[in-house]
Amino acid sequence: MMPSIKELSREPELFSSGHRACTGCGEVLAVRQVLLAAIKPVACVMPTGCLEIVSTIYPHTAWQVPMFHSAFENAAATISGMEAAYRVLKRKGKITEDINFIAFGGDGGTYDIGFQALSGAVERRHRFLYVCLDNEAYMNTGIQRSSATPLGAHTTTSPAGKVKPGKLEWRKDIVEIMIAHDIPYAAQATVWNWNDLANKVRKALSINGPSFINVLVPCPLGWGYHSSQTITLSKLAVETCFWPLYECENHKYRLNYVPKEKLPVTEWLKLQDRFRHLFRPENKSLLDAFQEEVDRRWEQLNKKVKCFD
Amino acid sequence: MIVAKTGNEAMAYAMKQCRPDVVAAYPITPSTEIVQIFSSFVADGLVDTEYVPVESEHSAMSACIGAAASGARAMTATASQGLALMHEMLFIAAGLRLPIVMCVASRSLSSPLNIHCDHSDSVASRDSGWIQIFCESSQEGYDSVIQAVKIAERAYLPVIVAIDGFILSHCMERLEILSDEEVSDFLGEFKPNYSLLDTKNPITVGPACLPDSYFEHKRAEAEGIRQAKGIIEEVIEEYRKRFHRYYPVIDEYQAEDAEVVVLAMGSTVGTAKIAVDELRAQGKKVGALKLRFFRPLFSEKLVASLRKFKVVGILDRAEAMNSYISPLATEIRAALYHQTEKPLIVSYVYGLGGREITQEDIKVVFEELIHIKETQKVKDEVSYIGVR
């Protein structure tokens with residue numbers, strides 16, 4: 031089951047170089063890692079977003095696997111139709127090979143505008159893996175807030191101004207919402223821990239039904255950091271317990287990584303321009319609230335894990 | 273075989289005989305029964321279709337798009353708000369040249385909420401790139417679904433087959449149905465030009481096109497719907513030859529020596545034909561025209577037909593809200609613009625939100641049109657039949 035780095039290095043690159051993503055883009059790292067680990071052959075879908083714009087400017091494509099983009103809010107509905115077509119054409123003998131289906135959506139196309147279609151597709155138990163490439167805002171349209179944007183973050187629609195200190199709400203917990211759908215497999219991962227992500231992809235694709243992986247993909251432009259720091263930031267998100275690596279397989283929670291020493295969340299926040307204003311004295315309460323919420327969620331997750339020990 | 277069926281039953285039965293690979297749908301009045309009946313066919317194993325009961329019409333069309341791009345024969349049914357919710361996806365289905373067939377039980381659009389018949393839903397989808405067939409009877413609805421599958425798969429364009437909500441969808445008619453084998457033989461297997469499930473030959477479908485290529489794609493799509501006219505006529509002819517049922521793109525009724533005609537789409541044409549019969553009995557030279565295809569608009573044929581008449585009353589079951597005249601009248605006036613010999617065009621809006629139209633109403637229209645012929649004066653740019 032567990033793919034080694036040697037094994038993965040022999041896999042063909044299915045997302046080719048020459049795409050137009052920014053230097054240090056976490057999203058395309060995640061796509062490459064997912065495709066390397068995927069049990070082939072795969073057919074993919076993506077909603078409108080960064081990924082589409084950087085990888086499919088006609089007449090070029092970076093995709094070495096079938097890829098379909100139709101609109102912003104319907105990746106899960108589109109893949110439902112593809113998977114239904116696959117089932118019937120296989121039954122009729124028009125297709126013989128086993129194909130896995132993967133949808134890649136950003137946080138906008140997943141948490142917000144695409145949520146209804148995702149909820150419906152999961153309820154109907156289509157067999158596909160939905161990978162949310164979560165960079166915590168609508169990066170493609172110019173860094174607007176999404177319901178994945180953390181508390182206090184500066185975005186172009188939740189700007190830190192004279193009376194409002196960035197986004198006023200905490201992020202939506204999409205993995206828990208997917209688990210509440212009674213999904214057979216849901217997990218959270220990062221591009222820093224490639225091994226953990228690869229394992230999760232393998233596991234998800236081996237399940238007969240829907241599966242969901244939320245991958246934190248740092249965005250140099252949207253978060254405001256140097257493009258060399260993408261892996262550092264995705265690692266710090268885990269080490270501060272802002273982004274725990276965990277999975278829930280058939281109702282059983284499991285932590286996949288426990289930091290040796292839980293770092294204060296400021297270690298992650300301070301490297302990003304979008305949180306810079308939180309470090310001003312008048313915003314100390316927000317910074318404290320951020321830490322409290324990270325702690326609360328971490329404790330709650332640990333309780334869930336213990337319940338199933 | 274002769275059976276008694278409602279319009280919705282007729283449409284569902286035709287869908288079954290077309291053997292779609294995937295049907296994705298969300299129920300909406302008055303097309304709901306199409307989906308319900310089709311689900312019972314699936315539940316009883318009468319058709320080997322993957323039925324995807326999605327959570328919205330937007331997802332219904334999205335799933336059909338995914339299925340069609342994967343090489344499957346895909347169909348759905350909707351109406352009104354459902355069609356409006358699909359609006360975004362209609363353009364994508366047509367832009368990607370996917371041969372999806374959709375049954376529509378035509379209905380008004382909110383607001384105010386009204387579930388009854390008019391053509392506002394299909395007319396609002398006018399510029400989406402879908403072929404649109406309006407049917408006079410459930411029999412025509414049944415036959416049109418079968419024709420639509422062949423037209424869609426030859427033209428590589430999606431097709432709407434519209435029957436009037438409630439008036440046809442819920443009323444029972446005598447229906448002549450073909451055998452399953454006859455329909456299968458007529459349609460053959462769907463052989464897609466490409467498929468997303470051909471993983472050995474991977475393709476990217478639905479890329480982003482910048483100003484250097486978007487225009488060419490749209491130009492090609494426009495050419496596709498122009499060329500669909502020839503394909504439509506071929507399919508209608510094949511159907512006539514094989515099953516002896518003929519529905520021309522423009523159906524002229526008692527029009528050969530008529531001076532004054534009304535033109536309509538859908539079930540009202542039947543009402544108009546009765547009004548024509550009654551007036552003909554009184555020696556009046558009146559006729560009726562049925563426009564079967566709203567898209568593509570067979571403008572050359574329309575011009576050739578309309579040129580012969582003195583006055584044409586266009587009956588529109590929708591408003592264009594253009595502060596001018598009704599939707600179909602606008603288009604037909606435009607089609608006639610270059611003609612030196614042309615009839616006076618009079619625009620009528622009728623039947624919005626299920627308001628009844630009777631042969632008496634149409635006879636009143638004919639009296640007006642005859643008066644206009646005599647005086648050569650059109651008083652109102654648009655008249656509203658039966659509005660209080």
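As given, the protein sequences belong to chains R and S, one line each in that order. Quick note: the first sequence uses my numbering, first residue 31, plus one each step. Quick note: the second sequence uses my numbering, first residue 273, plus one each step. Beta carbons: idealized from backbone N, C-alpha and C, even for Gly.
{"query": "Would leucine 385 of chain S and serine 392 of chain S qualify as a contact pair, given that the criterion is a beta-carbon distance under 9 Å?", "result": "no"}
{"query": "According to DSSP, what are the bridge partners of methionine 287 of chain S?", "result": "In the DSSP output, where bridge partners are listed per residue, methionine 287 of chain S has none listed."}
{"query": "Is leucine 275 of chain R near asparagine 223 of chain R, with beta carbons less than 9 Å apart?", "result": "yes"}
{"query": "Mind checking whether arginine 517 of chain S and glutamate 454 of chain S have CB atoms under 9 Å apart?", "result": "no"}
{"query": "Can you confirm whether isoleucine 475 of chain S, when its beta carbon is compared against all beta carbons of chain R, has any partner nearer than 9 Å?", "result": "yes"}
{"query": "Give me the Cα-Cα distance between leucine 65 of chain R and threonine 260 of chain R, rounded to the nearest whole angstrom.", "result": "19 Å"}
{"query": "Specify, as a first and last residue, the run of the beta strand (DSSP E) that serine 619 of chain S falls within.", "result": "616–622"}
{"query": "Quick one: does the C-beta of methionine 273 of chain S sit closer than 8 Å to a heavy atom of the ligand HEM?", "result": "Inclusion of the ligand HEM in the displayed structure is not the case, the ligand content being empty and no account of it being possible."}
{"query": "What are the boundary residues of the alpha helix (DSSP H) that histidine 99 of chain R is part of?", "result": "Per DSSP, histidine 99 of chain R belongs to no alpha helix (DSSP H); it is in the beta strand (DSSP E), 97–99."}
{"query": "Between alanine 356 of chain S and chain R, is the shortest Cβ-Cβ distance under 9 Å, so that the two count as touching?", "result": "no"}
{"query": "Check the Cβ-Cβ distances between methionine 97 of chain R and every residue of chain S, and say whether any is below 9 Å.", "result": "yes"}
{"query": "Could you check whether the Cβ of glutamate 327 of chain S sits closer than 9 Å to any Cβ belonging to chain R?", "result": "yes"}
{"query": "First and last residue of the beta strand (DSSP E) that includes tyrosine 116 of chain R?", "result": "First-last for tyrosine 116 of chain R: 105–121, but that is the alpha helix (DSSP H), not the beta strand (DSSP E)."}
{"query": "I'd like to know whether the C-beta atoms of alanine 536 of chain S and leucine 563 of chain S end up nearer to each other than 9 Å.", "result": "yes"}
{"query": "When the distance is taken between beta carbons, is glycine 54 of chain R closer than 9 Å to proline 180 of chain R?", "result": "no"}
{"query": "Taking 9 Å as the CB-CB cut-off, is threonine 91 of chain R touching chain S?", "result": "yes"}
{"query": "Taking buried to mean at least 16 other C-beta atoms within 10 Å of its own C-beta, is isoleucine 306 of chain S buried or exposed?", "result": "buried"}
{"query": "If you compare alpha carbons, which of S:Thr350, S:Glu632, S:Ser485 is closest to isoleucine 546 of chain S?", "result": "S:Glu632"}
{"query": "Going by DSSP, what residues sit across from threonine 220 of chain R in a beta bridge?", "result": "R:Leu246"}
{"query": "Using C-beta distances below 8 Å, list every residue in its chain close to isoleucine 300 of chain S, excluding the 5 sequence neighbours before and after it, in chain order.", "result": "Glu329, Thr350, Ala351, Ser352, Gln353, Gly354"}
{"query": "Determine, using beta carbons only, whether valine 85 of chain R and threonine 91 of chain R come nearer to each other than 9 Å.", "result": "The amino acid occupying residue 85 of chain R in the given sequence is serine; valine does not appear at that position. Taking 9 Å as the Cβ cut-off, serine 85 of chain R and threonine 91 of chain R qualify as a contacting pair."}
{"query": "If you measure beta-carbon to beta-carbon, which residues of the stretch 114–133 of chain R are closer than 8 Å to chain S?", "result": "Ala114, Ala115, Tyr116, Arg117, Val118, Leu119, Arg121, Lys122, Lys124, Ile125, Glu127, Ile129"}
{"query": "Are the stretch 439–448 of chain S and the stretch 311–318 of chain S touching by the rule of at least three beta carbon pairs closer than 8 Å?", "result": "no"}
{"query": "9 Å is my cut-off, CB to CB: does aspartate 452 of chain S come that close to chain R?", "result": "no"}
{"query": "Considering only C-alpha positions, which residue in the set S:Ser598, S:Lys582, S:Pro599 is nearest to threonine 612 of chain S?", "result": "S:Lys582"}
{"query": "Would you kindly check if the distance between the Cβ of glycine 138 of chain R and the Cβ of phenylalanine 98 of chain R is under 9 Å?", "result": "no"}
{"query": "With DSSP run on the structure shown, which of helix, strand or coil describes leucine 301 of chain R?", "result": "coil"}
{"query": "Out of S:Tyr486, S:Ala335, S:Phe487, S:Pro520, state which residue places its alpha-carbon closest to the alpha-carbon of glycine 502 of chain S.", "result": "S:Pro520"}
{"query": "Using the DSSP secondary-structure output, state which residues sit across from cysteine 74 of chain R in a beta bridge.", "result": "R:Met97, R:Ile132"}
{"query": "Of all the CB atoms in chain R, is at least one closer than 9 Å to the CB of methionine 361 of chain S?", "result": "yes"}
{"query": "Does the separation of the CB atoms of isoleucine 364 of chain S and serine 100 of chain R fall below 9 Å?", "result": "yes"}
{"query": "Under 9 Å, do arginine 345 of chain S and phenylalanine 458 of chain S count as touching if we go by C-beta distance?", "result": "no"}
{"query": "Is the Cβ-Cβ distance between threonine 270 of chain R and lysine 290 of chain R less than 9 Å?", "result": "no"}
{"query": "Assuming aspartate 325 of chain R is part of the alpha helix (DSSP H), what are its boundary residues?", "result": "314–337"}
{"query": "Taking the straight line between their C-alpha atoms, what separation do you get for valine 326 of chain S and glutamate 297 of chain R?", "result": "44 Å"}
{"query": "Output, in chain order, the set of chain S residues within a Cβ distance shorter than 7 Å of threonine 23 of chain R.", "result": "Past the edges of chain R, shown from 31 to 339, lies residue 23 of chain R, and the structure says nothing about it."}
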